[in-house]
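**Student:** To start, I am sharing the structure in question, which I have written as C-alpha cells.
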Amino acid sequence: MMNILKNLPKRERNLMTDPLWYRTAVFYEVMVRAFHDSDGDGIGDLRGLIKRLDYLAWLGVDALWLPPIYPSPLRDGGYDVADYRAIDPRYGTMADFEELIAEVHKRGMRITIDLVMNHSSDQHPWFQASRTDPDGPYGDYYVWSDTDQKWANARIIFTDHETSNWAWDSVREQFYWHRFYHHQPDLNFENPKVQQEMMDIARFWLEKGIDGFRLDAVPYLFEDDSNGGENDPRTHEYLRRFRAMVDAEFPGRVLLAEANQPPEEAAAYFGTEEEPECHLCFHFPVMPRIFYSIKAQDATKLREILHATPVPPAKGQWSTFLRNHDELTLEMVTDQERRQMFEWYAPHPQMKANVGIRRRLAPLLDNSRHAMELAHALILSLPGTPCLYYGDEIGMGDNVWLPDRDGVRTPMQWTPDRNAGFSRADPGALNLPVVQSLLHHYNGVNVESSLMQPTSLLFWLRRFLTSRAQHPAFADGGYADVPSSESSVFSFLRTHPEESVLVAMNFSTNQCSTLLDLPDFAGRTVKTIVSNTPFQDVGDDGKLRLTFGPHSFYWLVIAHD
Ligand code: GLC
Numbered sequence: 001m002m003n004i005l006k007n008l009p010k011r012e013r014n015l016m017t018d019p020l021w022y023r024t025a026v027f028y029e030v031m032v033r034a035f036h037d038s039d040g041d042g043i044g045d046l047r048g049l050i051k052r053l054d055y056l057a058w059l060g061v062d063a064l065w066l067p068p069i070y071p072s073p074l075r076d077g078g079y080d081v082a083d084y085r086a087i088d089p090r091y092g093t094m095a096d097f098e099e100l101i102a103e104v105h106k107r108g109m110r111i112t113i114d115l116v117m118n119h120s121s122d123q124h125p126w127f128q129a130s131r132t133d134p135d136g137p138y139g140d141y142y143v144w145s146d147t148d149q150k151w152a153n154a155r156i157i158f159t160d161h162e163t164s165n166w167a168w169d170s171v172r173e174q175f176y177w178h179r180f181y182h183h184q185p186d187l188n189f190e191n192p193k194v195q196q197e198m199m200d201i202a203r204f205w206l207e208k209g210i211d212g213f214r215l216d217a218v219p220y221l222f223e224d225d226s227n228g229g230e231n232d233p234r235t236h237e238y239l240r241r242f243r244a245m246v247d248a249e250f251p252g253r254v255l256l257a258e259a260n261q262p263p264e265e266a267a268a269y270f271g272t273e274e275e276p277e278c279h280l281c282f283h284f285p286v287m288p289r290i291f292y293s294i295k296a297q298d299a300t301k302l303r304e305i306l307h308a309t310p311v312p313p314a315k316g317q318w319s320t321f322l323r324n325h326d327e328l329t330l331e332m333v334t335d336q337e338r339r340q341m342f343e344w345y346a347p348h349p350q351m352k353a354n355v356g357i358r359r360r361l362a363p364l365l366d367n368s369r370h371a372m373e374l375a376h377a378l379i380l381s382l383p384g385t386p387c388l389y390y391g392d393e394i395g396m397g398d399n400v401w402l403p404d405r406d407g408v409r410t411p412m413q414w415t416p417d418r419n420a421g422f423s424r425a426d427p428g429a430l431n432l433p434v435v436q437s438l439l440h441h442y443n444g445v446n447v448e449s450s451l452m453q454p455t456s457l458l459f460w461l462r463r464f465l466t467s468r469a470q471h472p473a474f475a476d477g478g479y480a481d482v483p484s485s486e487s488s489v490f491s492f493l494r495t496h497p498e499e500s501v502l503v504a505m506n507f508s509t510n511q512c513s514t515l516l517d518l519p520d521f522a523g524r525t526v527k528t529i530v531s532n533t534p535f536q537d538v539g540d541d542g543k544l545r546l547t548f549g550p551h552s553f554y555w556l557v558i559a560h561d
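Residues in the sequence shown are numbered consecutively from 1, following this note's numbering.
Below, the structure is given as C-alpha cells:
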C-alpha cells in the first residue's frame, strides 16, 4: 500500500550521537496493543510495531514512548505490572523486543518505555508474598497499616472507582496503601530494598539498549502527613540518586517525569543543574490551558500559565503534548475553569472520566482541521519536546461507549479494509473494536486514505515536523512573549543566535488583525518557515501587522544578519 514510505528522508540531525538528543526530538506515544497485530490474534504486538516503523520514520518521529509491555492482568492498561523483567507474551518475546530496539536505532530513532515505580499489580509475586508472609523478605515491600486513617489528606485520583487510598487485605488482615486502583498496591519506598529493586529493574532495561524511561506517577513514591502523599522531599532525593546512576552507567539515556502537578511542583522534577532529576517533564500545567484558550478564543490563560512556569535548568526541557492514553486531566485547573471545560468539551456524561475528559483530539476539537493544525502548531513551537499520540496525526476519533479510558486506545486505523488494517483476526476477537462512528469511521479516517490526499492532516503534520527540524530555534531557542492588541492572538518569539522564529496564532473563530511590536527587528525581512518565501518586512518603527483567518496562525522566521 504505502510505496510512498519507501523514500525515507535523510535525517539531518544525528540523534544517535547527540547526548542532548531529547531536546531536539519529537516523541510519539505508541500503544503496542493498539498499533499493529502481526500474528492475527487481535492484539497489537512488537513485530507489528516493527513493521510500522518506516511509517513513523517517514512522518518525522524521532523517539517512541511505549506504555507498559510487561506481563500484566491488564486491569489498568498494563500499568498494573505483574513482572518487571519480562515482556507480556501477548506482545511477543524478549527477542522481539531486542529486535525492535535494533530496528528503531537502525532508523536513527530512539525508544523509551514506561517504568511504573510507584505501584505494582496485586498479582505481582512480591505482593502475594507480602500479604501471606509479613515477616518474610517481601513483608515490607508494600505500605501496610492497621488503620485506614493515616494520610487522610491525600487526594483520590481515580474518583470514578475508588473511595479511599486504603484497601483491606483479608489475608494479612491489614490495610494497604494505593494511590490508584485498589488492585495496584503502592510499593514501599521507605524500604531500601524496594529502592534498590527499582534501580536494578531500570538497569535491566537500559542494558537491553533502550534510551530511557517515562517515570509513571512519580510524585507519589513517598508519603507523609505534611504533603498529601505527593512531592515528598525523599521522592526528590531518590530521583537524584536514580539520575546519578543513569548518568554514570548509561550516559545519554533519559528520564521523563509524569508529574501532574502545578507549575512549581512539576518543575521540581527537573531538579537543579548541579543535582538533576529528570531530563524531561511533561508540561501538565500548559496542556489543559491550550484547550481552554482555544475554546475561550482568548490567549490570556495560556500566557498566564507560561509566565508562572519556571524555566527548566540548562539541560532540562518540558515535554509539550495535547493528548495521551489517559483522560484529558483537569485536576490542576481552577474549579471555574474545570466547570467551563466540562461544559465545552464533555457535553455527554460518557465523555468524563475521573477528573477529566476521555476523548481524542479530533472529536474534542469538533473535527475542525483548522483547530487541529493550530493545536499541533502550538505544541510544536512552544519551548519543549513535543510528544504526539498515535492516531492523532490522521485525526482519529474515539469511542466514548467503551469503559474507563479504552475509548482513546482503540486500534490504529491503517486502511479501509477489515479491522482497519490493524489485524487479520475475526473482528470480534479484537482487543478493542475499531472506531466506526459516523464521523470517524475507519473507512474514511485511515493512513492509506491520508496518504492518497496531499492536503491531508497527515501530510500537513509531516511538513511541519520537517520544517521544525530545520530550525534549531524551536528546540533550543529562548522564549519571549510578544504582546498583541487582540486578546485572541497569542504571539511569541523563539530566539536563537542566527535567527528568531515568530509564532502568532489566532484563537478566535473570527478573522482579526493585530499589530505586533518587534522593536529589535525594525526593518528586517520576515519569511514564512514552511515554504521559505519572503512574507513582509517589519516596519522601520518595529511594527508588524498580521491579519488572521479563523484559527489561523503564522510560523515566521527573521534572520539576524
Ligand atoms: C499514570 C498512567 C495511567 C495509569 C496510572 C496508574 O497516570 O498514565 O494510565 O492508570 O498512572 O499507573
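Cβ atoms here follow ideal geometry from the backbone N, Cα and C, with glycine treated the same way.
Just to confirm, are ALA580 and GLY539 a CB contact at a threshold of 9 Å?
**Tutor:** The structure shown does not extend to residue 580, since the chain is modelled only from 1 to 561, so the question has no answer here.
**Student:** Residues in its own chain within less than 7 Å of THR514 by CB, not counting five upstream and five downstream?
**Tutor:** Numbered from its first residue, the sequence shown carries residue 514 at position 514. Here the set comprises SER484, SER485, GLU486, VAL489 and LEU546.
**Student:** Can you look up THR547 in the DSSP assignment and give me helix, strand or coil?
**Tutor:** Taking the first residue of the sequence shown as 1, we reach residue 547 at position 547. Three-state result, THR547: strand.
**Student:** I'd like the span of the alpha helix (DSSP H) that includes THR466, first residue to last.
**Tutor:** Mapped onto the sequence shown, residue 466 falls at position 466. 457-470 is the span of the alpha helix (DSSP H), which, as asked, contains THR466.
**Student:** How far does the alpha helix (DSSP H) with MET94 in it reach, from first residue to last?
**Tutor:** Start at 1 with the first residue of the sequence shown, and residue 94 comes out as number 94. Element bounds for MET94: 94-106.
**Student:** Here's the rule: buried if 16 or more other CB atoms are within 10 angstroms of the residue's CB, otherwise exposed. What is MET94?
**Tutor:** By 1-based counting over the sequence shown, the position of residue 94 is 94. So MET94 counts as exposed.
**Student:** Check for me: the alpha helix (DSSP H) holding GLY48 runs from which residue to which?
**Tutor:** Numbered from its first residue, the sequence shown carries residue 48 at position 48. Unbroken alpha helix (DSSP H) run through GLY48: 46-51.
**Student:** Go ahead and pull the three-state DSSP assignment for THR415.
**Tutor:** Taking the sequence shown and counting its residues from 1, the one referred to as residue 415 is at position 415. Coil at THR415, not helix or strand.
**Student:** Please state whether DSSP places ASN227 in a helix, a strand or coil.
**Tutor:** On the sequence shown, position 227 is the one that residue 227 refers to. The answer is helix: DSSP assigns ASN227 an H, G or I state.
**Student:** If SER130 and VAL81 are in contact, beta carbons under 8 Å, what's the gap, nearest whole angstrom?
**Tutor:** To locate residue 130, count along the sequence shown from 1; it is residue 130. To locate residue 81, count along the sequence shown from 1; it is residue 81. So it is not a contact: roughly 15 Å between Cβ atoms.
**Student:** Please list, in chain order, all residues of the same chain as TRP65 whose beta carbon is under 6 Å from its beta carbon, the five residues on each side excluded.
**Tutor:** Against the sequence shown, residue 65 aligns to sequence position 65. These residues qualify, in order along the chain: PHE27, GLU29, THR112 and ARG214.
**Student:** Is the distance from the Cβ of TRP460 to the Cβ of LEU502 below 9 Å?
**Tutor:** Reading the sequence shown from its first residue, position 460 is the one you call residue 460. Reading the sequence shown from its first residue, position 502 is the one you call residue 502. No; because the gap between Cβ atoms is not below 9 Å, this pair is not in contact.
**Student:** When you compare each of SER508, TYR479, GLN511 and ASN506 to PRO497 by their alpha carbons, which one comes out closest?
**Tutor:** Residue mapping note: residue 497 aligns to position 497 of the sequence shown, counting from 1. Checked all of SER508, TYR479, GLN511 and ASN506; the closest Cα to PRO497 is TYR479.
**Student:** Can the beta-carbon of GLY271 be found closer than 9 Å to that of LEU239?
**Tutor:** For this step, residue 271 is matched to residue 271 along the sequence shown. For this step, residue 239 is matched to residue 239 along the sequence shown. Closer than 9 Å, so yes.
**Student:** From what residue to what residue does the beta strand (DSSP E) around GLN297 run?
**Tutor:** Residue mapping note: residue 297 aligns to position 297 of the sequence shown, counting from 1. Taken as a continuous stretch (DSSP letters only), GLN297 belongs to no beta strand (DSSP E), as it is neither H nor E.
**Student:** For the alpha helix (DSSP H) holding THR385, just list the boundary residues, first then last.
**Tutor:** Indexing the sequence shown from 1 puts residue 385 at position 385. THR385 -> no alpha helix (DSSP H), and no H or E assigned at all.
**Student:** What runs of the beta strand (DSSP E), each 3 residues or longer, lie entirely inside the stretch 254-291?
**Tutor:** Fully enclosed beta strand (DSSP E) runs of 3 or longer: 254-257 and 280-282.
**Student:** Shortest alpha-carbon distance to PRO125 belongs to which of ARG110, GLU327, TYR141 and GLY421?
**Tutor:** In the sequence shown, residue 125 corresponds to position 125, counting from 1. Of the candidates ARG110, GLU327, TYR141 and GLY421, the one whose C-alpha sits nearest the C-alpha of PRO125 is TYR141.
**Student:** Let me know if TRP285 comes out buried or exposed under the rule of 16 or more other beta-carbons within 10 Å of its beta-carbon.
**Tutor:** For the purposes of this step, residue 285 is taken as residue 285 along the sequence shown, with counting starting at 1. Per the sequence presented here, residue 285 reads as Pro, with Trp not at that position. With 16 or more Cβ atoms within 10 Å of its Cβ, PRO285 is classed as buried.
**Student:** Helix or strand or just coil, what does DSSP make of MET117?
**Tutor:** Counting from 1 along the sequence shown, the entry for residue 117 is found at position 117. Three-state DSSP puts MET117 in coil, outside helix and strand.
**Student:** In the structure shown, what three-state DSSP assignment does THR24 receive?
**Tutor:** Translated into positions along the sequence shown, residue 24 becomes position 24. Here THR24 sits in helix by DSSP.
**Student:** Would a C-beta distance cut-off of 9 Å place ASP76 and PHE242 closer than the cut-off?
**Tutor:** Numbered from its first residue, the sequence shown carries residue 76 at position 76. Numbered from its first residue, the sequence shown carries residue 242 at position 242. Taking 9 Å as the Cβ cut-off, ASP76 and PHE242 do not qualify as a contacting pair.
**Student:** Quick one: what's got a C-beta closer than 6 Å to LEU432's C-beta in the same chain, skipping five residues either side?
**Tutor:** Position 432 of the sequence shown, counted from the first residue, corresponds to residue 432. Contacts found: ASP406 and THR410.
**Student:** Is GLN184 a contact residue of the ligand GLC, with contact defined as CB to any heavy atom under 8 Å?
**Tutor:** Counting from one through the sequence shown, the residue named residue 184 turns up at place 184. GLN184 Cβ: within cutoff of the ligand GLC.
**Student:** Taking the continuous alpha helix (DSSP H) assigned at ILE201, which residues delimit it?
**Tutor:** Numbered from 1 along the sequence shown, position 201 holds the residue referred to as residue 201. That run of the alpha helix (DSSP H) goes 192-208.
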